[in-house]
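Counting in numbering that gives the first Met the number 0, the sequence shown runs from 0 upward without gaps.
C-beta atoms are modelled at their ideal positions from N, C-alpha and C, and glycine is treated no differently.
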Amino acid sequence: MIELHGNTTYAVCLECGARYELEPIREAFLTCGTLPVCRTCGGIVKTATISFGQAMPVEAMRRAQDEAQACDLFLCVGSSLVVYPAAGLPVIAKKSGARLVILNRDSTDLDAFADQVLNREIGETLARVVAGADS
Ligand SMILES: [Zn+2]
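Structure representation (structure tokens):
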């Protein structure tokens, strides 16, 4: 698992990267209105997700690109495939010889580039895949 856009189950300091659990931050905000500030450096603490305007994690992107180049099958699930650089990963995989399958309720700009496009509900479709159904 490579978390390109971070993780919502904890928080980090935007300055020094120190990790914080969410519950104490939430409790301090609810009881005192305290905004989360890093105890080490005074930086802003927010959920460990990548928001628009923040840089993508360099090491995670490098690993994702390496895996995309090396894979046999690239499965895009639940992505509009419009936000780069992550939306470029299926293109890297396809150009490196992988089969590309896109599973998304709506069409995407990469549909014509894919080997298979499934415009269906994700949960229902993946449940059928896991169960071994072929349609
Ligand atoms: Zn800090």
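As a beta-bridge residue in DSSP terms, Thr-48 pairs with Gly-5.
By the criterion of a C-beta distance shorter than 7 Å, Gln-115 is surrounded in its chain by Val-100, once the five residues flanking it on both sides are discounted. A residue is called buried once 16 or more other Cβ atoms fall within 10 Å of its Cβ, and Val-82, having fewer, is exposed. Here the alpha carbons of Tyr-19 and Gly-96 stand approximately 41 Å from one another.
Residues Val-116, Asn-118 of the same chain have their beta carbon placed closer than 8 Å to that of Ser-106, with the five preceding and five following residues left out of the count. Rounded to whole angstroms, the gap between the alpha carbons of Thr-30 and Val-36 is 16 Å. The closest CA to that of Gly-42, considering only Ala-10, Ile-49, Ala-59, Leu-3, is found on Ala-10. Non-local beta-carbon contacts of Ile-1 in its own chain, meaning distances under 8 Å to residues more than five positions away in sequence, involve Ala-59, Arg-62, Ala-63, Glu-66 in chain order.
The three-state secondary structure of Leu-34, taken from DSSP, is coil. In this structure, Cys-15 and Thr-39 form a Cβ contact; the two beta carbons are roughly 6 Å apart against a cut-off of 8 Å.
Here Met-55 is not near Pro-89, since their CB atoms are 8 Å or more apart. Remark: the C-beta of Gly-42 is in contact range of ligand 1, defined as less than 7 Å to any heavy atom.
Cα atoms of Phe-73 and Ala-113: separation of roughly 10 Å, rounded to the nearest angstrom.
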